[in-house]
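> Protein chains in written order, with the numbering used here: chain U, 53 to 514; chain A, 53 to 514; chain B, 53 to 514; chain W, 53 to 514.
4 protein chains.
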Amino acid sequence: MSRKLWGGAFREETGKALAKLSVSIGFDRRLHREDIAGTRAHARTLRAARLLSAGDLRKIDRALDVIEKEIAAGKFPWREADEDVHLNLERRLIEIAGVAGERIHAGRSRNDQVALDLRLHVLGSIGDVDSRVHALAAALVGLASRTTDVIVPAYTHLRRAQPILLAHAVLAHVEPLRRDRERLADARRRTAISPLGSGACAGTTLRLDRTIAARALGLRGITLNSLDAVADRDFVVETEAALALLMAHLSRLSEDLVLWTSDEFAFLQLSDRSTTGSSMMPQKKNPDAFELVRGKSGRVFGHLLAMLTVLKGLPLAYNRDLQEDKEGLFDALDTVRLALDAMREAVEGLRVRSGPVDLGGGLNATDFAEYLVRRGVPFRRAHRQVGELVAVARKRGVELQSLTLAELRAAAPRVGPDVFRALDPVRAVAARDVAGGTAPRRVRSAIREVQRYLKRTRPKRR
Amino acid sequence: MSRKLWGGAFREETGKALAKLSVSIGFDRRLHREDIAGTRAHARTLRAARLLSAGDLRKIDRALDVIEKEIAAGKFPWREADEDVHLNLERRLIEIAGVAGERIHAGRSRNDQVALDLRLHVLGSIGDVDSRVHALAAALVGLASRTTDVIVPAYTHLRRAQPILLAHAVLAHVEPLRRDRERLADARRRTAISPLGSGACAGTTLRLDRTIAARALGLRGITLNSLDAVADRDFVVETEAALALLMAHLSRLSEDLVLWTSDEFAFLQLSDRSTTGSSMMPQKKNPDAFELVRGKSGRVFGHLLAMLTVLKGLPLAYNRDLQEDKEGLFDALDTVRLALDAMREAVEGLRVRSGPVDLGGGLNATDFAEYLVRRGVPFRRAHRQVGELVAVARKRGVELQSLTLAELRAAAPRVGPDVFRALDPVRAVAARDVAGGTAPRRVRSAIREVQRYLKRTRPKRR
Amino acid sequence: MSRKLWGGAFREETGKALAKLSVSIGFDRRLHREDIAGTRAHARTLRAARLLSAGDLRKIDRALDVIEKEIAAGKFPWREADEDVHLNLERRLIEIAGVAGERIHAGRSRNDQVALDLRLHVLGSIGDVDSRVHALAAALVGLASRTTDVIVPAYTHLRRAQPILLAHAVLAHVEPLRRDRERLADARRRTAISPLGSGACAGTTLRLDRTIAARALGLRGITLNSLDAVADRDFVVETEAALALLMAHLSRLSEDLVLWTSDEFAFLQLSDRSTTGSSMMPQKKNPDAFELVRGKSGRVFGHLLAMLTVLKGLPLAYNRDLQEDKEGLFDALDTVRLALDAMREAVEGLRVRSGPVDLGGGLNATDFAEYLVRRGVPFRRAHRQVGELVAVARKRGVELQSLTLAELRAAAPRVGPDVFRALDPVRAVAARDVAGGTAPRRVRSAIREVQRYLKRTRPKRR
Amino acid sequence: MSRKLWGGAFREETGKALAKLSVSIGFDRRLHREDIAGTRAHARTLRAARLLSAGDLRKIDRALDVIEKEIAAGKFPWREADEDVHLNLERRLIEIAGVAGERIHAGRSRNDQVALDLRLHVLGSIGDVDSRVHALAAALVGLASRTTDVIVPAYTHLRRAQPILLAHAVLAHVEPLRRDRERLADARRRTAISPLGSGACAGTTLRLDRTIAARALGLRGITLNSLDAVADRDFVVETEAALALLMAHLSRLSEDLVLWTSDEFAFLQLSDRSTTGSSMMPQKKNPDAFELVRGKSGRVFGHLLAMLTVLKGLPLAYNRDLQEDKEGLFDALDTVRLALDAMREAVEGLRVRSGPVDLGGGLNATDFAEYLVRRGVPFRRAHRQVGELVAVARKRGVELQSLTLAELRAAAPRVGPDVFRALDPVRAVAARDVAGGTAPRRVRSAIREVQRYLKRTRPKRR
């Protein structure tokens, strides 16, 4: 019987099916960097408590150096029989460092160890995601800068609403990304806490100063209750929730871009680089990037839900169910990173489509009503008068500006000859000169504001 | 044909089924306070833009006073034909204030109006939830104070792990609540922004100073893009995500309390007030509060997911799908409030069960191993030695402390006669004297720390 | 203290918050018909076991008649203190029938009683939903009949793919509904089983013949294990899963119809009856029915998920968590019914939009490639040749049929002069004469097949 | 530029990020068997339509033989540049079979091809899952057979309810598995339909007899609408819904077994093979199999939700979002298979724990009340009388049977001296002699019925 590191009290081997269900080294080896960092930090705690000699510490550090090189070189002897990244690394540490290695797990359990590793992983990964959100926002601002002179309909209910600058619609998609970055930063702050020293669930009888490891790892503090420390996966849920909402935003941006690049809307043109073809239809250039990203929102929502389900009704402290925290989180992080890259690439490749955009369909009806308000007509009355004129124009198959002044006055007596200026889409756009509005000077100022924001919040490095 | 406020261009009545599907006054009337507050604020903006006269403003304010009274008295003439809270209130305003009322909707759309109302509602409701979380945390600290001398097993994998104070396990459930309150505060911060003045999606051609209404409503600022302002429901998702995680915490607390109050665990006793009986089995006293709360986590998870589904793939700006933002949110908020009240009530009624708690099952094995570590045995070796002794004791049906010193030494040569002190559960608890650990002095200090926290963060009012 | 029907062993009143959390009469009174039917059936079982006299049975039946009338007349004295529909009805039964009423709960528990009631409710409601699915399918076939001569692009990736009949696209949405009906019928079959006689969880010591009640209620059989009988909510999950998928179908139909009725696609026109207007923009006629239905998919997904969450990790047998089975199910059923009605109404109101549909964009490229295949060119080669010609045509801003024969032959040497027939969209549609294809004769035959199916499967009554 | 098989009209390479997002060969290669089978079937269709010569067909079949061997030997040259399993296999087919290979894709698109492949995969996998459900059910019946003489409390609300045979509780978990198998069979029936010949979305102008391939593949029929054929993923959702509910059942079984094997409940004992140890606590033997299975319900729920999210609001026909159908489905299938194996293994290893089970706590109160019913006391009155006696006994810290006849009669005047027989747990179990009840003869008969069922429904092969 191959003896497990925890196997002292056991007399039988783990069953085959359980072994297969239970093994996590296939996915948790991704935590090797964090596990090694955590072990170095824990070693310093043990040293301070005189549970390691200076020589022990040196041996452990050197052995970890060796292990890092082995992993980097693809030569680390990962073993399924050792179940997970923690026991794989501990066994190897013992092989290399001998008795010093056998001392490392004092005052530690896999329960606090994995909680630490995962927190460190989330911290790094959020940084990664954040810099890609920044890059996508920059690409969108770039696109906005290229579209400040394109007037298109704004849509509500996918019906033409009011004339706007395309740049204004593009910038609308930057705002959610700014909120996403705030949420990710909040999640990060709550994640940067060390559970190390909480042991299996009740702490340890060894007198360890838990702040040593926390400081060594650059964390903000230590957890305050040992049971909570090993049972808590809030940081996973919170991160996944932030990622799910981010994916919802990308799915909405994708939808807009699928529409805007269609032949039917025809505002923008995708580059070949951001499309793929059909195995059957020779003419097809499909907006795959946007469709895939939109579709991938599903899996990230799913991972969030899965983690909430795992936690539901789970008694404290650690239960093995919590092993389910990792794969979903890793996939959510990978998916989001890939989606952000693909969106950025596709947005960078967008060109304005030549040819005029149809601005008919009564887009200027609100301008008309607001014109009447400025002439003293109560809005509710103005709305009704214009509504009736819209009906007249529609029946005739024309736009409002094609009606004569007399016709307009029949329904809206306060109309003056200057109304036709108000009905001109270019002027109408310029007139929406309110904070957050689509007037060109407001949009140009919004672009500059976002550019300053991006500069101010540029991530240190990718 | 009964004319809708928006019906100028329409020639047919709304179909019956659509009318039924579409009407929201049944649930959005809950927003009447917020809608009135928003209308008062918008009136001030219009006044500043000279679109209302001083007399108009006065009439509007007085009419709103009347409306408030009508609603409070249950006499407001809610009409399904007016679809939603906004049109109901606007129509009544016009009925009372006349032409002044007809002016109120200038530069406003239901799209920015409902976004504002819902934000105001979330702000108030989060306050409500927060004070109840505070109250539950206080009840838990109270329970912890009553259980500082009860030693019970800590559980991992629902197997006896190590001896702890029951108070320590109770306090473990306070930590998640503290994180919940932080998350709710973060959500609140991002919600306190005014979308008013964004109109249907593109702003307005009327020169409105949007900051006037924001200030009047005590909000932190204004939204920066008019399309985003009406399309954004991040604050709903973020609030629901925070509530879902809170419910996950309550479900875990419930599970622990269902177990702890069972005859099988028997740590605590529920009062009659927190149980109900069976229609068939005369002896039953069921822990309904905990079961119901645990079960209700499902609906809050469901509401979060529903909202993400609504947003998925939705093009900008406003789409009617967004009407689905309210019922789920309202129910999530109601559910959480009710759950928190019921948990608090039940926790307050918990009494320590008389009779000894079984502390057998090898609970002190880790203490034994750590004893060996303190005697210089590397931990991994100590773990194995103790594991073997556990197997010996189990075979014989006794606890570790029943083995003789000689027997212990057979497997663990470094054992001294002082080992039996280390194996005593009371001493073992006291020895877990590490930050976040279960030693009585640590637990007492943790209670004091939480009490200070609760005092510091006491909500102003319920 | 107001004594509960189950309160013999209790000395304190239920706490306020628990009472509020626990009471279900607000929503489960909807089960009164089923509860009464179940009670009549149970009375027959008791009578057969000589636990009721003939006189008792008569008194009970008459009392239930009275109760039915009271409820119909809105005069039944529902009491929150009686918690749920079962205790409300039992108490009233006792008030009216006296001692006979006190005998009714022998061998029965609310656990098997509510399981029965809910099963009966699902059976009836599925019938309801099914007839509405049937009606929507009929409306779609009607629309298909009106659109057999409208050629539009089929879309993949929301890019023009191949020319088809609009009727073909409409019929595509009937197929999922047929599958939905099958799934609902399967769910119904598994629901029609009686749990009555399983008691609280272990059956009863009274010798009851459980098949009597099952037969009286028209059910297929009885449950085989008493614990499973009260713990099982598969029929709820399965029904909700079928409803969730149905809503996914309606959301896809909605999306297609939002696009097809837009100014940009312009295949179909909505009637005023199926749109609503904007409070701000006088010209708007929004496709609210489709948007609301699309959005409401979220809540039904959420209810499914909520129920799975409730069940997750729940030990047998009955737990109070299961009370959460009802509200979500009721809302899912209501939502689906309403959505089906609104879709039907909106589909019935659709008219073909006058004006030609743009069939450009290389829609005939696949026809071209298949033409080459018929001329002996291997498909993969034909695809490449046509692809190159598409690129040439696009560069020039023309369609394939505008290239000269010589130009076509430069890339595709096997082309003959008959190619231009193959490139004509009308002929191309007719040529898709494969089972399930869009050739007019296939589509007409598909319409007839669906009409026969609808006739064959017409629900008995609404 | 490396030319894609679909690249005729393209002038630029796919962008890096899109390529990475888009490539599916990493996971869809799992479909190679199905893709090859589908290609063989399609070749027969083409042959019948004279679009392949007999020689072409032979070459294609032989090339596919070669490809199968290459894959089996791990020597197939999978290429990421070829994106997916379909293009990888088609390119290789062309390399081996030359011009014949270039003919294979006539009348076919990846859209109908992948729909077919996935259907075939689901058919095979459901078979796989079904045989494992069968095996788990068999293991449970085995456990039931070993526990027909163990009396334990049945629990409702995790409170002791009534005495039952442990075998009865074990059998309660077989019933859901039987329903699961029915649902899987229903899903299978609806999956066994061929979409082949539907092309990209509109069928094909080549005259193909679609039934040839369907028959060759052993399917029940062909899809009836070409757009639906490529857009439909109902079979994925339905399968995932069935798997999600199955996992909910396994999570409930897990919960029961975690409890029953705990020291606190102590009905059953896990073998070492089904537990693992702690890295820190030498005594621990954790029920990992059950915890992992319980936790893994989350991911399967998540996959179901993810797929519903993908479909929500997706227009017809094929969209690239649908590529998201596979990974979740594969993982759901893998998870369920693994979970079933691990559950079976763990159940097979369960032994009855020696030592008496505590049957106190008023377990016989219902028996008492039913005794009174048999003596003519109306149940509601009997319930109250026994409730009062329970309160008396509890106050005194004794069981009901410890009260004297006189004491019993004080509250329940109809009690006779034979009441003490009714209060004996062994007799009480035997008295629950109702269909589905826990009387030993009923349980033995239930075991035989399940054994017959298992024999009757034994899957052909694993």
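Backbone N, C-alpha and C fix where the C-beta goes; we use that ideal spot for every residue, glycine too.
Classify Leu271/U as helix, strand or coil using the three-state DSSP reduction.
Correct three-state label for Leu271/U: coil.
> Residues of chain A with CB under 7 Å from Ala417/W, in chain order?
Those within 7 Å of Ala417/W in chain A are Met333, Pro334 and Gln335.
> Who are the neighbours of Ile88/U on chain A, taking C-beta pairs under 9 Å?
Within chain A, no residue comes near Ile88/U; the closest Cβ sits about 18 Å away, beyond 9 Å.
> With 8 Å as the C-beta to C-beta threshold (strictly closer), list the residues of the stretch 362–385 of chain U near chain W in chain order.
Correct list: Val362, Asn371, Arg372, Asp373, Leu374, Gln375, Glu376, Glu379 and Gly380.
> Please report the distance separating the alpha-carbon of Leu390/B from that of Phe342/B.
Those two C-alpha atoms are separated by around 12 Å.
> Does the stretch 210–229 of chain B come close enough to the stretch 121–137 of chain B to have 3 or more Cβ pairs within less than 8 Å?
Contact fails: fewer than three Cβ-Cβ distances are below 8 Å.
> With distances taken Cα to Cα, identify the nearest neighbour of Glu273/A among Pro247/A, Asp476/A and Ala196/A.
Looking at the sequence itself, residue 273/A is Gly, so the reference to Glu does not match. Among Pro247/A, Asp476/A and Ala196/A, the Cα nearest to that of Gly273/A belongs to Pro247/A.
> Which bits of chain U does His355/W rub up against, with CB to CB less than 7 Å?
Within chain U, the residues near His355/W are Gly354.
> Assuming Leu217/A is part of the beta strand (DSSP E), what are its boundary residues?
Note, Leu217/A: beta strand (DSSP E), Arg211 to Leu217.
> Rounded to whole angstroms, how far is the Cβ of His157/U from the Cβ of Ser331/W, which I believe are closer than 8 Å?
Going by Cβ atoms, the distance from His157/U to Ser331/W rounds to 6 Å, so yes, they are a contact pair.
> What is the rounded straight-line gap between the Cα of Ala294/W and the Cα of Leu305/B?
For Ala294/W and Leu305/B, the distance between alpha carbons rounds to 25 Å.
> In angstroms with no decimal places, state the Cα-to-Cα distance between Gly488/U and Leu368/B.
Distance between the alpha carbons of Gly488/U and Leu368/B: 57 Å.
> What separation, rounded to the nearest whole angstrom, lies between the Cα atoms of Met53/B and Glu64/B?
Bear in mind that a pLDDT of 41 at Met53/B, under 50, signals an unreliable position, so the number given afterwards is only what the model happens to contain. Rounded to the nearest angstrom, the two C-alpha atoms are 8 Å apart.
> Report all residues from its chain with a CB closer than 8 Å to the CB of Val471/A; omit the five preceding and five following residues, and keep chain order.
Result list for Val471/A: Phe420, Tyr423, Leu457 and Leu460, in chain order.
> Any idea what DSSP makes of Arg259/B, helix, strand or coil?
In the structure shown, Arg259/B sits in coil (DSSP, three-state: anything other than H, G, I, E or B).
> Give every residue of the same chain whose Cβ lies closer than 8 Å to the Cβ of Tyr370/A, excluding the five residues on either side of it in the sequence, and list them in chain order.
Hits under 8 Å: Asn163, Ala252, Cys253, Val282 and Ala283.
> For Ala498/A, is the classification buried or exposed, using 16 other Cβ atoms within 10 angstroms of its Cβ as the cut-off for buried?
When all chains shown are included, Ala498/A counts as buried.
> Looking at chain A, is there any beta carbon in it that lies within less than 8 Å of the beta carbon of Asp315/W?
Cβ-Cβ to chain A under 8 Å: yes for Asp315/W.
> Can you tell me the Cβ-Cβ gap for His355/W and Asp393/W, rounded? I've got them flagged as a contact below 8 Å.
Not confirmed; about 19 Å, so no contact.
> Have a look at Ala265/A, Leu168/A, Ala318/A and Val429/A and flag the residue whose alpha-carbon is nearest the alpha-carbon of Leu402/A.
Per the Cα distances, Ala318/A.
> Out of Gly60/U, Leu188/U and Gly159/U, which has the shortest C-alpha to C-alpha gap to Glu397/U?
Ranking Gly60/U, Leu188/U and Gly159/U by Cα distance to Glu397/U puts Leu188/U first.
> Indicate the three-state DSSP secondary structure (helix, strand or coil) for Tyr207/W in the structure shown.
Note: Tyr207/W maps to strand in three-state DSSP.
> What distance in whole Å lies between the Cβ atoms of Leu175/U and Ala240/U, which are believed to be in contact at a cut-off of 8 Å?
Contrary to the premise, residue 240/U reads as Arg rather than Ala in this sequence. Contact holds; Cβ gap of about 6 Å.
> Output yes if chain A places a C-beta closer than 8 Å to the C-beta of Phe287/B; else output no.
Output row for Phe287/B: interface = no.
> Relative to the alpha-carbon of Arg184/U, which residue among Arg230/U, Val204/U and Met359/U has its alpha-carbon at the smallest distance?
Closest option to Arg184/U, Cα to Cα, is Arg230/U.
> Going by DSSP, name the residue or residues bridged to Arg403/W.
Its beta-bridge partners are Gln321/W.
> Thinking just about the alpha-carbon of each residue, which of Val222/A, Glu400/A and Pro465/A is nearest to the one in Thr490/A?
For the residues Val222/A, Glu400/A and Pro465/A, the minimum Cα distance to Thr490/A belongs to Val222/A.
> Could you tell me whether the Cβ atoms of Val486/B and Thr256/W are closer together than 8 Å?
The answer is yes: Cβ separation under 8 Å.
> Measure the C-alpha to C-alpha separation of Leu170/B and Val288/W and round it to an integer number of angstroms.
Going by the C-alpha atoms only, they are around 28 Å apart.
> By alpha-carbon positions, which one of Leu236/W, Arg346/W, Thr91/W and Ile178/W ends up nearest to Leu269/W?
The shortest Cα separation from Leu269/W among Leu236/W, Arg346/W, Thr91/W and Ile178/W belongs to Thr91/W.
> CB Met395/A to CB Leu506/A, shorter than 8 Å?
No. Outside cutoff.
> Rounded to whole angstroms, what's the CA-CA distance from Val352/A to Thr387/A? Just pull it up for me.
When rounded, the distance between both Cα atoms is 8 Å.
> Could you list which residues in chain U have their beta carbon closer than 7 Å to that of Lys214/A, in chain order?
Just to set this straight, residue 214/A is Gln in the shown sequence, not Lys. The contacting residues are Ala252, Cys253 and Ala254.
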